[in-house]
Amino acid sequence: MAKVTVDGRVVEVPNDANALEACRAAGVDVPHFCYHPRLSIVGQCRMCMVEVEGVPKIQASCTVPVRDGMVIKASTEKALAARNATMEFLLINHPLDCPICDQAGECKLQDNAFAAGLPVSRTSEPRRQFPGYDRTPIGPHVIADMTRCIQCTRCIRFCEEITETGELTFIERGGHTIVWTHEGKALDNDLSACAADVCPVGALTTRDFRFRKRVWWLDKTRSVCDGCEIGCNISIEHRDRIVYRFLPRVAPAVNDFWMCDYGRFRSEELNRQDFLKPEIRVAGGDAERRQTNWGEALDAVKAAIEKDPSKVRVIGSAFLTTEEAWLLAALCKDSLKVGSPEFTVDIGPKRRIRNKVDGWIYGSEAAPNSRGCEAAGLTRTSSLSSSSPAVLYISDASFSEKCKDPAFVAGLRQASVLIVHARTRNALTDAADIVLPVAPLSGKEGTFVNAKGLVQRIDTAIVSPPVVRTDLEVLLNLGARWNAFDTQWTARDVFEKMQASVAGYAGLAWDSDALVGNPPSISPAAAYDVLGLERDPGVEVFSRPSVTAPDRLP
Ligand code: FES
Numbered sequence: 002m003a004k005v006t007v008d009g010r011v012v013e014v015p016n017d018a019n020a021l022e023a024c025r026a027a028g029v030d031v032p033h034f035c036y037h038p039r040l041s042i043v044g045q046c047r048m049c050m051v052e053v054e055g056v057p058k059i060q061a062s063c064t065v066p067v068r069d070g071m072v073i074k075a076s077t078e079k080a081l082a083a084r085n086a087t088m089e090f091l092l093i094n095h096p097l098d099c100p101i102c103d104q105a106g107e108c109k110l111q112d113n114a115f116a117a118g119l120p121v122s123r124t125s126e127p128r129r130q131f132p133g134y135d136r137t138p139i140g141p142h143v144i145a146d147m148t149r150c151i152q153c154t155r156c157i158r159f160c161e162e163i164t165e166t167g168e169l170t171f172i173e174r175g176g177h178t179i180v181w182t183h184e185g186k187a188l189d190n191d192l193s194a195c196a197a198d199v200c201p202v203g204a205l206t207t208r209d210f211r212f213r214k215r216v217w218w219l220d221k222t223r224s225v226c227d228g229c230e231i232g233c234n235i236s237i238e239h240r241d242r243i244v245y246r247f248l249p250r251v252a253p254a255v256n257d258f259w260m261c262d263y264g265r266f267r268s269e270e271l272n273r274q275d276f277l278k279p280e281i282r283v284a285g286g287d288a289e290r291r292q293t294n295w296g297e298a299l300d301a302v303k304a305a306i307e308k309d310p311s312k313v314r315v316i317g318s319a320f321l322t323t324e325e326a327w328l329l330a331a332l333c334k335d336s337l338k339v340g341s342p343e344f345t346v347d348i349g350p351k352r353r354i355r356n357k358v359d360g361w362i363y364g365s366e367a368a369p370n371s372r373g374c375e376a377a378g379l380t381r382t383s384s385l386s387s388s389s390p391a392v393l394y395i396s397d398a399s400f401s402e403k404c405k406d407p408a409f410v411a412g413l414r415q416a417s418v419l420i421v422h423a424r425t426r427n428a429l430t431d432a433a434d435i436v437l438p439v440a441p442l443s444g445k446e447g448t449f450v451n452a453k454g455l456v457q458r459i460d461t462a463i464v465s466p467p468v469v470r471t472d473l474e475v476l477l478n479l480g481a482r483w484n485a486f487d488t489q490w491t492a493r494d495v496f497e498k499m500q501a502s503v504a505g506y507a508g509l510a511w512d513s514d515a516l517v518g519n520p521p522s523i524s525p526a527a528a529y530d531v532l533g534l535e536r537d538p539g540v541e542v543f544s545r546p547s548v549t550a551p552d553r554l555p
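Numbering of the sequence shown is given in this note's numbering, commencing with residue 2 and proceeding in unit increments.
Here it is, written out as structure tokens:
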């Protein structure tokens, strides 16, 4: 570690840190554009200027390695004047259209113009235009607008150094330079939308989120992507019960600063809620299902099960949180006496993400929590057995893609009574006798265990519509009918009850860092990165649902 003095404050930083990182560690905010903790240093934007004692010329701090005893002066007149000059130079050719730019609110140019720019513009000439290179899709998810580019090269370096696909480059020269794709090649890789994340301005934005919501209206809730077992840490960004986007949250040992496009664009699907009330088919056979209340629905489930508990079969799901899986397993074992519930996971296609600790890590399961479910007492099977029980209870009607296949469903429909937890309609819910409406990922609280065995917590982003319940609440209310559970238990209560019996959970605390994707074994350098070096979306402090949301504009 090196001892560095920044504006009179002494900090210890890793020997491989640079002066910009030392300033951030000392709490001195040095504006920057091209620096990113996971990309190579290019010193391109000249925004991070500081003075270093003993060095005659002013320096771009991101290009200066620290040394023990270094003295950095980040707030001198000379440093501030240099940053002013850089901002003025950038703004000469940047459109002054923050009110209609979708990056407004999370734009480093906007932030730095306020914090480090001149109060007035000294130019009134029309800004540079790039007809044909503005508001143009350059891949399936990314829209480019080169009138806004400040040539920081973050996106080019991201495609070269992180995805190693190299789709982006500079074309043209001098004042005409723009970032574009190599001829004929789309920006189309597994992580392409992360190129928009690293863009500090509005030059690259994602097609799926563009102009859907002003970012300052969005509430942020920490969660974990449920697209595969890697378990990328995400922020669910939502407003008025609508999920607008997922952004990656920094977790150096899991997904670092990134997430794949497949996981990111699962967000829209969370807004679908086909079942708003329990539904029940009274007479069996061909009768239509009708809507009912929870009391009648759960009483009917209990009555069906109690007819002959030896002929009840329960199927779980790797989309359940570990707490929900533990309740399901406990209910089956202790109250229903039907043995361990089975579950199966769809395999493929292979997903991958790059992180600081492992390089690339891979996921091949299409669900987030098979390890947690096994630890909680569910039995993994590669294919479900073809027994025909009297009652089949399925705790997730979308546990597999096969649930959309009428032939597969016909096999499950052999049961006399088919009960499902469901959010979206498919062939399995069409066939079911009792449908219990449940919340999506954004309505749940609990933990998942990822491919590396890390226990990661998800928080409730959106409280579901009044009659919809979480799987946890459904299981608690069902279990209460056998006096097995208390309906007032929260996910945290269940977490604490199951800790002793679930492998990997002993010693963890509900609020510990280990549960938010930052494992305790994190290296000092990695911790240092997480502790606020980078202000990209997703690194900010996360609010609890809704209550801290800013007021709507009139
Ligand atoms: Fe240092 Fe760009 S030159 S952040």
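For each residue, glycine too, the CB sits at the ideal point set by N, CA and C.
query, result
"Proximity to Ile101 [Cα-Cα], best of Glu78, Lys74, Arg136", "Arg136"
"Close beta carbons around Val143, own chain, < 8 Å, minus the five adjacent residues each side", "Leu188, Ser193, Ala194, Ala196, Ala197, Leu205, Thr206, Thr207, Arg208"
"Nearest neighbour of Tyr506, chosen from Gln415, Cys404, Ala376, Ala423 [CA to CA]", "Ala376"
"Residues sharing a beta bridge with Asp69, DSSP", "Per DSSP, none; premise fails for Asp69."
"Run of the beta strand (DSSP E) containing Asn113, from where it starts to where it stops", "Run containing Asn113: none in the beta strand (DSSP E); it sits in the alpha helix (DSSP H), 109-117."
"Residue ranges of each beta strand (DSSP E) within the region 454-519, 3 or longer", "456-459"
"Distance, Leu455 Cα to Ala105 Cα", "35 Å"
"Residues with C-beta closer than 7 Å to any heavy atom of ligand 1, in chain order", "Leu21, His33, Phe34, Cys35, Tyr36, Gly44, Gln45, Cys46, Arg47, Met48, Cys49, Ala61, Ser62, Cys63, Thr64, Cys153"
"C-alpha gap between Ser336 and Trp490, whole angstroms", "18 Å"
"Best match in Pro141, Asp146, Leu97 for proximity to Phe124 [C-alpha to C-alpha]", "According to the sequence displayed, residue 124 carries Thr and not Phe. The shortest C-alpha separation from Thr124 is found at Leu97."
"Alpha helix (DSSP H) segment containing Trp295, residue limits", "295-308"
"Environment of Val468 [buried if 16+ CB atoms lie within 10 Å]", "exposed"
"Classification of Val475 by the beta-carbon crowding that lies within 10 angstroms, buried from 16 upward", "buried"
"Range of the contiguous beta strand (DSSP E) that encloses Leu205", "205-207"
"Cut-off 6 Å between Cβ atoms - residues of its own chain near Tyr134, not counting five sequence neighbours on either side", "Met147, Ile179"
"Length-filtered (3 minimum) beta strand (DSSP E) runs lying within the region 34-62", "50-53"
"DSSP state of Ile249 mapped onto helix, strand, coil", "According to the sequence displayed, residue 249 carries Pro and not Ile. DSSP places Pro249 in strand when its eight states are reduced to three."
"For Lys169, the first and last residue of its enclosing beta strand (DSSP E)", "For the record, residue 169 in the displayed sequence is Leu; it is not Lys. Counting along the chain, the beta strand (DSSP E) containing Leu169 begins and ends at 169-172."
"Exposure label - Ala86; buried when at least 16 CB within 10 Å", "exposed"
"Where Ile93 sits in the DSSP three-state scheme", "helix"
"Exposed unless 16 or more other CB atoms sit within 10 angstroms - verdict on Phe486", "buried"
"Integer Cβ distance of Val614 from Ala26, believed to fall under 8 Å", "Any answer about residue 614 is impossible in this case: the structure gives the chain only from 2 up to 555."
"Contact check, Ser62 vs Glu230, beta carbons under 8 Å", "no"
"Straight-line Cα distance separating Met50 from Arg8", "The residue you asked about is not Arg; residue 8 is Asp in the sequence shown. Looking at the two C-alpha atoms, the distance is approximately 14 Å."
"Proximity below 8 Å, CB of Phe34 to CB of Lys109", "yes"
"3-residue-minimum beta strand (DSSP E) runs that sit fully inside the region 406-438, ordered along the chain", "418-423, 435-438"
"Assumed close pair Val302, Ile420 - CB separation to whole angstroms, cut-off 8 Å", "6 Å"
"Rounded C-alpha distance that separates Val72 from Gln45", "23 Å"
"Three-state secondary structure (DSSP) of Val216", "helix"
"Candidates Leu329, Met48, Arg213, Glu165: closest to Asp30 by CA position", "Met48"
"Contiguous beta strand (DSSP E) assignments of at least 3 residues, all confined to the region 130-183", "143-145, 169-172, 179-182"
"Exposure of Glu556, with buried meaning 16 or more beta-carbon neighbours within 10 Å", "Here the chain has residues from 2 to 555 only, and residue 556 is not among them."
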